[in-house]
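Note that the protein sequences, when read in sequence, are chains A and B.
Here the first sequence is numbered in this note's numbering, starting from 597 and rising by one per residue.
Here the second sequence is numbered in this note's numbering, starting from 659 and rising by one per residue.
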Amino acid sequence: EDQVTQSPEALRLQEGESSSLNCSYTVSGLRGLFWYRQDPGKGPEFLFTLYSAGEEKEKERLKATLTKKESFLHITAPKPEDSATYLCAVQNYGQNFVFGPGTRLSVLP
Amino acid sequence: DAMVIQNPRYQVTQFGKPVTLSCSQTLNHNVMYWYQQKSSQAPKLLFHYYDKDFNNEADTPDNFQSRRPNTSFCFLDIRSPGLGDAAMYLCATSNLQGGYTFGSGTRLTVV
């Protein structure tokens, strides 16, 4: 059974304090690993897709990396507007999507 | 802009009173999904349509039904909402290239 776990469950950072969020997964056949940002009361907003181990993608202060067992979302010098829940999901070759529980990030000014 | 639109954003319904949530897309994606998301939890897949083929998750209660009259629209019908059905309901679409596009969600309150 495909599974996704995320850690930590919640993270509080000071503005400018860089950190990383972890997504660990087991999947029958990885088609892609996805990162989403979700603000309270809204639908998830797509951030990145990673397809193979060693792949990295960047967007502003965010950088996502992928290994065969986990993915990291690195946040460099975060700002208060980066506060959100970050969801990780894996898609297998059967097109099934499995979400992790998310990491709630709070960035304090 | 191509997008996934959910209406209404907020829905209040009475215990046991049928309610329908709607989703439309301009992406022309062939797969549409309905997820239920409760507070601080991951989205949980209820069912999905691959074109007109309906696929129900094994643990989706019979109380939840769906209709997809055409490529652009998909509806979630809750026949007899209970207090435990209060949640955010998310619609998403995808094509064969993978990746999901989500709507903004409908927050359902049952009173």
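Note that the Cβ used here is the ideal one computed from N, Cα and C, for glycine as well.
If you're wondering where the values come from, they're calculated on a predicted model, not measured in any experiment.
Q: Use the C-beta contact count for serine 724 of chain B: other C-beta atoms within 10 angstroms, 16 or more gives buried, fewer gives exposed.
A: buried
Q: List the residues of chain A that serine 762 of chain B touches, going by C-beta distances under 8 Å, in chain order.
A: Lys638 and Gly639
Q. How about the stretch 699 to 709 of chain B and the stretch 692 to 704 of chain A: do they share at least three Cβ pairs that are nearer than 8 Å?
A. In the pairwise beta carbon analysis, the stretch 699 to 709 of chain B is classified as touching the stretch 692 to 704 of chain A: at least three pairs are separated by under 8 Å.
Q: Provide the residue(s) that pair with serine 624 of chain A in DSSP beta bridges, ordered along the chain.
A: According to DSSP, serine 624 of chain A bridges with nothing at all.
Q: Closer than 8 Å by C-beta to serine 702 of chain A: which residues in its own chain qualify, once you throw out the five before and the five after it? Chain order, please.
A: Ala606, Leu607, Arg608, Leu609 and Ser679
Q. Ordered along the chain, which non-local residues of its own chain (more than five positions away) have a Cβ less than 7 Å from that of valine 673 of chain A?
A. Checking the sequence, you will find alanine at residue 673 of chain A rather than valine. So the qualifying residues of the chain are Gly612, Ser614 and Arg657.
Q.
Spatial neighbours of tyrosine 752 of chain B within its chain, please: C-beta separation below 6 Å, excluding the five flanking residues on both sides.
A. The sequence given here has serine at residue 752 of chain B, not tyrosine. For serine 752 of chain B, same chain residues with a beta-carbon under 6 Å away, outside a window of 5 residues either side, are His687, Val689 and Tyr758 in chain order.
Q. Is proline 666 of chain B close to chain A, meaning its C-beta is less than 7 Å from at least one C-beta of that chain?
A. Chain A contact via Cβ: absent.
Q. Any idea which residues DSSP pairs asparagine 714 of chain B with across the strands?
A. B:Phe705
Q | Candidates A:Leu646, A:Pro640, A:Ala660 and A:Phe644, of which the one nearest serine 616 of chain A by Cα | A | A:Ala660
Q) Between glutamine 599 of chain A and tyrosine 621 of chain A, which are expected to be in contact by the criterion C-beta below 8 Å, what is the C-beta distance as a whole number of angstroms? A) 7 Å
Q.
Taking beta-carbon pairs under 9 Å, can you tell me which members of the stretch 669 to 687 of chain A lie near chain B?
A. Listed by position along the chain: Thr681, Leu683, Ala685 and Gln687.
Q. Does DSSP put aspartate 743 of chain B in a helix, in a strand, or in coil?
A. For aspartate 743 of chain B, the three-state secondary structure derived from DSSP is helix.
**Q.** Limits of the beta strand (DSSP E) - the one that glutamate 611 of chain A falls within
**A.** Element bounds for glutamate 611 of chain A: n/a, residue is neither H nor E.
(Q) Spatial neighbours of proline 583 of chain A within its chain, please: C-beta separation below 8 Å, excluding the five flanking residues on both sides. (A) It is not possible to answer for residue 583 of chain A, since the shown part of chain A is limited to 597 through 705.
(Q) Just to confirm my understanding: we take methionine 746 of chain B, look at its own chain, exclude 5 residues before and 5 after, and list those with CB closer than 6 Å. What are they? (A) Gln695, Gly763 and Arg765
Q.
Taking 7 Å as the threshold (beta carbon to beta carbon), is alanine 745 of chain B in contact with chain A?
A. Output row for alanine 745 of chain B: interface = no.
Q: Compute the Euclidean distance between the alpha carbons of arginine 667 of chain B and aspartate 743 of chain B, then round it to the nearest angstrom.
A: 16 Å
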